Amino acid sequence: MTQLPLSRRHPAEPAPDSPSPRPGGIAARALAGAAPAAPETPYLSGLNPEQRAAVETLEGPLLVLAGAGTGKTRVLTTRIAHILATGRAYPSQILAVTFTNKAAREMKDRIGTMVGDLVEGMPWLGTFHAIGVRILRRHHELVGLKSGFTILDTDDQIRLLKQLLTAENIDDKRWPARLLAATIDGWKNRGLSPKDVPAGEGAVFANGKGGTLYAAYQARLKALNAVDFGDLLLEGIRLFRENPDVLAEYHRKFKYLLVDEYQDTNVAQYLWLRLLAQGSKNVCCVGDDDQSIYGWRGAEVDNILRFESDFPGAAVIRLERNYRSTGHILAAASHLIAHNEGRLGKTLFSEGDDGERVTVTGAWDSGEEARAIGDEIEALQRAGHPLSQIAILVRASFQMREFEDRFVTLGLPYRVIGGPRFYERAEIRDALAYLRCVNSGSDDLAFERIVNVPKRGIGDATLKQIHDVARAARVPLQDAVRVLTESEELKPKVRSTLRGLLDMFARWREQSRVLSHTELAEIVLDESGYTEMWQKDRSAEAAGRLENLKELVRSMEPFENLGGFLEHISLVMDVDNGAGEDAVQVMTLHSAKGLEFDTVFLPGWEEGLFPHQRALDDQGKAGLEEERRLAYVGITRARASARIYFASNRRIHGLWNSTLPSRFLDELPDSHVKVEESRGGMGWGGSGYGGSSYGESRFDRAGGSFGSSSYSTPGWQRAQSQREGGFNAGAGNVGAGRGGARGAHGSTHGSTHGSPPLIEGTLVASSTGAPSTFSRGERVFHVKFGYGEITGIDGNKLTVQFDKAGEKRVLETFIEKA
160 MTQLPLSRRH
170 PAEPAPDSPS
180 PRPGGIAARA
190 LAGAAPAAPE
200 TPYLSGLNPE
210 QRAAVETLEG
220 PLLVLAGAGT
230 GKTRVLTTRI
240 AHILATGRAY
250 PSQILAVTFT
260 NKAAREMKDR
270 IGTMVGDLVE
280 GMPWLGTFHA
290 IGVRILRRHH
300 ELVGLKSGFT
310 ILDTDDQIRL
320 LKQLLTAENI
330 DDKRWPARLL
340 AATIDGWKNR
350 GLSPKDVPAG
360 EGAVFANGKG
370 GTLYAAYQAR
380 LKALNAVDFG
390 DLLLEGIRLF
400 RENPDVLAEY
410 HRKFKYLLVD
420 EYQDTNVAQY
430 LWLRLLAQGS
440 KNVCCVGDDD
450 QSIYGWRGAE
460 VDNILRFESD
470 FPGAAVIRLE
480 RNYRSTGHIL
490 AAASHLIAHN
500 EGRLGKTLFS
510 EGDDGERVTV
520 TGAWDSGEEA
530 RAIGDEIEAL
540 QRAGHPLSQI
550 AILVRASFQM
560 REFEDRFVTL
570 GLPYRVIGGP
580 RFYERAEIRD
590 ALAYLRCVNS
600 GSDDLAFERI
610 VNVPKRGIGD
620 ATLKQIHDVA
630 RAARVPLQDA
640 VRVLTESEEL
650 KPKVRSTLRG
660 LLDMFARWRE
670 QSRVLSHTEL
680 AEIVLDESGY
690 TEMWQKDRSA
700 EAAGRLENLK
710 ELVRSMEPFE
720 NLGGFLEHIS
730 LVMDVDNGAG
740 EDAVQVMTLH
750 SAKGLEFDTV
760 FLPGWEEGLF
770 PHQRALDDQG
780 KAGLEEERRL
790 AYVGITRARA
800 SARIYFASNR
810 RIHGLWNSTL
820 PSRFLDELPD
830 SHVKVEESRG
840 GMGWGGSGYG
850 GSSYGESRFD
860 RAGGSFGSSS
870 YSTPGWQRAQ
880 SQREGGFNAG
890 AGNVGAGRGG
900 ARGAHGSTHG
910 STHGSPPLIE
920 GTLVASSTGA
930 PSTFSRGERV
940 FHVKFGYGEI
950 TGIDGNKLTV
960 QFDKAGEKRV
970 LETFIEKA
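Under this note's numbering, the residue at position 625 of the sequence shown is numbered 784, and the numbers go up by one with no gaps.
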């Protein structure tokens with residue numbers, strides 16, 4: 160190993176492991192007096208006092224609490240450069256881990272600008288998984304692997320799990336392989352091997368076979384000499400625990416450990432890091448507990464909250480001086496996040512101007528919200544504001560559709576970040592293909608897309624036969640199918656399936672003459688089995704895909720007929736996505752973390768949508784605090800202007816719902832917020848709730864823009880009282896149980912049903928005696944209790960065995976088919 164050259168070290172710093180004789184006494188004082196003052200090291204210049212302290216505190220454990228826009232990356236990279244430049248460690252003696260390859264590349268580039276080619280000698284700078292696989296490659300035999308082991312991607316993992324389900328005679332439709340993959344991934348994120356999985360958790364999948372399948376999966380991986388991404392850390396943890404000599408080797412190797420985005424670490428990453436950090440105590444973790452927003456994928460905010468107890472004697476340095484946003488934006492965000500209890504605490508401040516206050520605007524409905532934001536963006540564009548510095552941050556992806564349609568109408572270029580545009584999503588393309596086939600019997604591309612979606616047993620060989628007949632007869636594919644179904648060339652089952660598909664298209668075309676195109680779309684999606692396919696899919700993405708299908712049907716309403724809608728879609732799809740040009744940025748709040756824009760629009764701040772009802776139902780207080788952190792992240796993306804919107808009415812899962820302003824609005828400070836006139840009429844007051852009076856709301860000002868009724872109780876408290884008390888006045892009934900305005904999670908019945916009383920969490924009402932529309936054994940969803948299976952029926956009262964809540968008796972009015 161080459162020793163760091165003196166020219167790359169601070170003049171006063173000895174080489175590693177070398178004696179450092181120094182003159183003492185009078186000689187030392189004379190030398191010090193004769194020597195000129197050391198010049199300021201270039202990479203340290205410009206650091207504020209807190210940043211410099213974080214860079215120069217090199218001995219012992221250190222937690223750097225870095226608020227949004229406080230120079231976190233600069234501190235982390237400068238700290239590494241300082242370690243190298245002062246000769247405290249060789250490049251190969253520094254372990255620096257982050258979460259993404261992009262972040263690792265950026266870190267390496269920044270360090271390189273400060274210390275030059277030294278950064279090329281840092282083999283241990285990378286993501287958790289990249290470093291994890293590097294360690295496993297060196298010690299593969301100790302964890303039962305051979306050299307050159309394979310890392311499975313998601314598709315390979317799903318294929319292997321399907322094989323295991325087939326071997327165990329488990330119905331893949333009822334217990335999808337993707338659900339099992341997500342379950343196993345969750346266990347691995349928590350550092351649980353098959354023998355560590357609690358018995359109760361293993362019983363969740365396939366009637367108690369989850370743990371057994373996990374063990375079989377791991378055994379199969381070993382037989383294939385393969386690992387998945389979860390194993391890269393899980394096997395590393397086992398390696399260190401079972402081989403103390405290997406762990407000791409890495410303790411000697413790493414003199415300094417640095418971790419970026421520590422608030423996003425899951426349990427497995429935490430355990431892996433703790434084992435490595437037991438050697439050198441020089442571990443530095445940089446993160447922000449207020450920006451921990453990935454709990455849904457395993458991140459544990461408690462990892463950063465307990466840092467001081469995990470590493471006794473740790474120093475904590477807070478970076479609170481923000482270089483991104485104006486004073487009003489920071490004050491509003493800090494006041495909001497202060498309502499969280501699970502945080503270490505810090506307050507951002509800016510030395511610049513206060514700027515403009517955060518604005519809050521109410522709109523009559525989601526369509527008016529999109530129109531108002533579109534108008535504001537046009538005004539900004541006319542004033543010379545770059546579109547690329549304008550972002551719309553939504554809580555749920557289905558919200559994007561109305562903005563995309565509005566931008567197409569206005570001719571505003573836009574770009575969807577972190578995912579496809581609404582009409583480019585796979586489920587939307589599939590649904591549109593069905594509608595195109597109904598509209599035109601000669602749309603071959605559409606027919607080919609959906610002929611086997613959902614799966615109907617139509618394989619490549621059958622498709623080739625269909626194409627051959629179509630080419631020979633020079634007819635569309637649907638006509639070719641008709642010819643084949645009248646012959647004996649296809650197998651009976653395939654022939655029957657294709658005949659049934661053609662019959663459905665014929666029936667839908669007849670219905671299109673008498674039904675509205677929105678009703679027809681719902682029938683097509685239902686009778687084709689496409690909606691059911693996603694209802695049975697238990698993957699994390701399935702719920703969002705169903706939301707998008709509902710939103711697609713809603714998007715058809717403004718058009719006179721199906722043909723007009725499909726023509727509109729063709730024009731939308733032909734519009735460039737804004738790549739390479741000045742364009743508005745549209746993304747979810749989760750995708751926005753780490754980004755910044757001059758102007759940020761934050762639509763949809765309503766109870767049930769934000770905070771999201773699913774987070775509240777699944778995680779309670781912890782879910783609420785993570786949603787509040789997400790709101791904090793959203794506000795702090797803005798440099799100069801943050802503009803919050805909420806709608807009084809929103810169409811969710813095909814039903815109009817009167818919505819309540821988010822509780823987060825009541826947690827914003829008056830002195831830093833400006834309430835704007837509502838757009839498109841009343842806000843959310845008297846029009847939604849008749850003549851009810853609860854006093855005066857803090858948002859009932861600006862000329863009555865939030866409605867004529869007065870409320871004193873904060874919005875979220877009103878929402879809670881109305882949900883629990885069955886408030887039912889005017890057109891704005893909220894809905895049942897904890898669900899209320901359920902937001903993107905599922906349809907509420909607030910538009911048509913009041914809230915019956917609750918006794919121990921069970922809805923109590925007498926049976927009407929009418930026959931139920933549900934059947935025994937059917938999977939259903941309840942806004943409070945989640946998913947379950949019907950075990951008994953008494954008129955309109957159902958007995959349901961819920962997956963998490965156990966057996967409950969509920970009215971069928973308050974459940975929906977899963």
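All C-beta atoms, glycine included, are put in the ideal place defined by N, C-alpha and C. Predicted model only: the values in this text are computed from it and were never measured.
Quick one: give me the first and last residue of the alpha helix (DSSP H) that Y791 is part of. For this step, residue 791 is matched to residue 632 along the sequence shown. Here the alpha helix (DSSP H) through Y791 covers K780 to I794.
Would you decide whether K709 is buried or exposed? Buried here means 16 or more other CB atoms lie within 10 Å of its CB. Start at 1 with the first residue of the sequence shown, and residue 709 comes out as number 550. Flag for K709 reads buried.
In its own chain, which residues sit with a C-beta less than 8 Å from the C-beta of K976, not counting the 5 before and 5 after it? Here residue 976 refers to the residue found at position 817 of the sequence shown. Within the same chain, K976 has close Cβ partners Q694, F933, E937, R938, V939 and F940.
Can you give the Cα-Cα distance for L434 and P220, rounded to whole angstroms? For the purposes of this step, residue 434 is taken as the residue at position 275 of the sequence shown. For the purposes of this step, residue 220 is taken as the residue at position 61 of the sequence shown. When rounded, the distance between both Cα atoms is 14 Å.
Tell me which same chain residues have a C-beta within less than 7 Å of the C-beta of A964, skipping the five on either side of it? The residue you call residue 964 lines up with position 805 of the sequence shown. If we look at A964 and ignore the five residues flanking it on each side, its Cβ neighbours are F944 and G945.
Can you tell which of Q322, V214 and L546 has its C-alpha closest to the C-alpha of E740? Position 581 of the sequence shown, counted from the first residue, corresponds to residue 740. It is L546 whose Cα lies nearest to the Cα of E740.
Is there contact here, the segment 205–215 with the segment 454–462, by at least three beta-carbon pairs under 8 Å? Taking 8 Å as the limit for Cβ pairs, the verdict is that the segment 454–462 does not touch the segment 205–215.
Report the option in A799, S837, N955 and L660 whose CA atom is closest to the CA atom of I549. Mapped onto the sequence shown, residue 549 falls at position 390. Closest option to I549, Cα to Cα, is A799.
Given that a residue counts as buried once 16 or more other Cβ atoms are within 10 Å of its Cβ, and exposed if not, what is V969? Within the sequence shown, residue 969 is the residue found at index 810, counting from 1. Burial call: buried.
Nearest neighbour of T656, chosen from Q772, G951, G600 and V610 [CA to CA]: Here residue 656 is taken as the residue at index 497 of the sequence shown, counted from 1. Among Q772, G951, G600 and V610, the Cα nearest to that of T656 belongs to V610.
Shortest alpha-carbon distance to S687 belongs to which of V628, K614 and L383? In the sequence shown, the residue the question calls residue 687 occupies position 528. Of the listed residues, the one whose Cα sits closest to S687 is K614.
Compute the distance between the beta-carbons of L661 and T644, then report whether it is under 9 Å. Position 502 of the sequence shown, counted from the start, is the residue given in the question as residue 661. Position 485 of the sequence shown, counted from the start, is the residue given in the question as residue 644. In this structure, T644 lies closer than 9 Å to L661 by Cβ.
Rounded C-beta distance between H978 and L398? I'm assuming under 8 Å. Given that the chain is displayed from residue 160 to residue 977, the structure contains no residue 978 and the question cannot be resolved.
Measuring alpha carbon to alpha carbon, tell me which residue in V653, A801, R480 and P820 is nearest K833. Within the sequence shown, the letter at position 674 stands for residue 833. When each option's Cα is compared against that of K833, the closest is A801.
If contact is defined by three or more beta carbon pairs under 8 Å, each pair taking one atom from either stretch, is the segment 377–392 in contact with the segment 493–512? no
When DSSP labels each residue in this structure, what does A407 get in the three-state scheme? Start at 1 with the first residue of the sequence shown, and residue 407 comes out as number 248. Looking at A407 - three-state DSSP - the assignment turns out to be helix.
Please work out which residues of its chain come closer than 6 Å, Cβ to Cβ, to A227, disregarding the five sequence neighbours upstream and downstream, and give them in chain order. The residue given as residue 227 occupies position 68 in the sequence shown. Taken in chain order, the residues that qualify are T795.
With a threshold of 8 Å, are at least 3 pairs of Cβ atoms found where one atom belongs to the segment 471–483 and the other to the segment 226–246? Touching, yes, given that three or more Cβ pairs across the two stretches are closer than 8 Å.
Let me make sure I understand the geometry here. Which of K354, T758 and E966 has the alpha-carbon closest to that of S797? In the sequence shown, the residue the question calls residue 797 occupies position 638. The sequence given here places Ala at residue 797; Ser does not occur at that position. Looking at the Cα atoms, T758 is the closest of the given residues.
Check A436 in the structure and name its three-state DSSP category. Along the sequence shown, read from residue 1 onward, the residue named residue 436 stands at position 277. Here A436 sits in helix by DSSP.
Buried or exposed: where does A263 fall if 16 or more other Cβ atoms within 10 Å of its Cβ makes it buried? Stepping through the sequence shown from its first residue, residue 263 is reached at position 104. The residue in question, A263, is buried, as its Cβ has 16 or more Cβ neighbours within 10 Å.
Give me whichever residues DSSP pairs with M663 in a beta bridge. The count along the sequence shown starts at 1 and reaches residue 663 at position 504. In the DSSP output, where bridge partners are listed per residue, M663 has none listed.
Euclidean distance between Cα positions of D268 and Y582: To locate residue 268, count along the sequence shown from 1; it is residue 109. To locate residue 582, count along the sequence shown from 1; it is residue 423. So the two alpha carbons sit approximately 37 Å from each other.
For R968, report the span of its beta strand (DSSP E) as first-last. Walking along the sequence shown from the start, residue 968 turns up at place 809. Element bounds for R968: G965 to L970.
Cβ separation of V426 and R349, assumed to be a contact under 8 Å, to the nearest whole Å: Along the sequence shown, read from residue 1 onward, the residue named residue 426 stands at position 267. Along the sequence shown, read from residue 1 onward, the residue named residue 349 stands at position 190. Right, their Cβ atoms sit about 4 Å apart.
Ignore the nearest five residues each way along the sequence and tell me which others in I532's own chain have a CB closer than 6 Å to its CB. Position 373 of the sequence shown, counted from the first residue, corresponds to residue 532. F760, listed in sequence order.
If I measure Cβ to Cβ from P347 and keep anything under 6 Å in the same chain, skipping five residues before and after, which residues do I get? For the purposes of this step, residue 347 is taken as the residue at position 188 of the sequence shown. First, the amino acid is wrong: residue 347 is Lys here, not Pro. So the list reads G389 and L393, once near-sequence residues are dropped.
Strand pairing of E948, partner residues [DSSP]: For this step, residue 948 is matched to residue 789 along the sequence shown. R938 and Q960, per the DSSP bridge assignment.
T256 by DSSP, collapsed to three states: which one? What you label residue 256 is simply residue 97 of the sequence shown in a count that begins at 1. Going by the sequence as given, residue 256 is Val instead of Thr. V256: strand per DSSP, three-state reduction.
Tell me, please, whether the segment 351–362 touches the segment 370–383 by the rule of three or more beta-carbon pairs shorter than 8 Å. yes
For Q548, report the span of its alpha helix (DSSP H) as first-last. Here the question's residue 548 lines up with position 389 in the sequence shown. Q548 -> no alpha helix (DSSP H), and no H or E assigned at all.
Per-residue burial, P403 [other beta carbons within 10 Å of its own, 16 or more giving buried]: Position 244 of the sequence shown, counted from the start, is the residue given in the question as residue 403. Exposed: under 16 other Cβ atoms inside 10 Å.
Identify the continuous alpha helix (DSSP H) that holds S817 and give its terminal residues. As a first step, residue 817 is located in the sequence shown; it is residue number 658 there, counting from the start. Run containing S817: none in the alpha helix (DSSP H); it sits in the beta strand (DSSP E), L814 to S817.
For T506: DSSP bridge partner residues: In the sequence shown, the residue the question calls residue 506 occupies position 347. T506 pairs with nothing; no bridge assigned.
Neighbour-count burial assignment, N366, 16 or more Cβ in a 10 Å radius: Translated into positions along the sequence shown, residue 366 becomes position 207. It is exposed - the Cβ of N366 has fewer than 16 other Cβ atoms within 10 Å.
According to DSSP, is A197 part of a helix, a strand, or is it coil? By one-based count along the sequence shown, residue 197 stands at place 38. Model confidence at A197 stands at a pLDDT of 43, short of 50, so the residue's coordinates are unreliable; what they give is reported in the following sentence. Look at A197 here: in three-state DSSP terms it is coil, with no helix or strand label.
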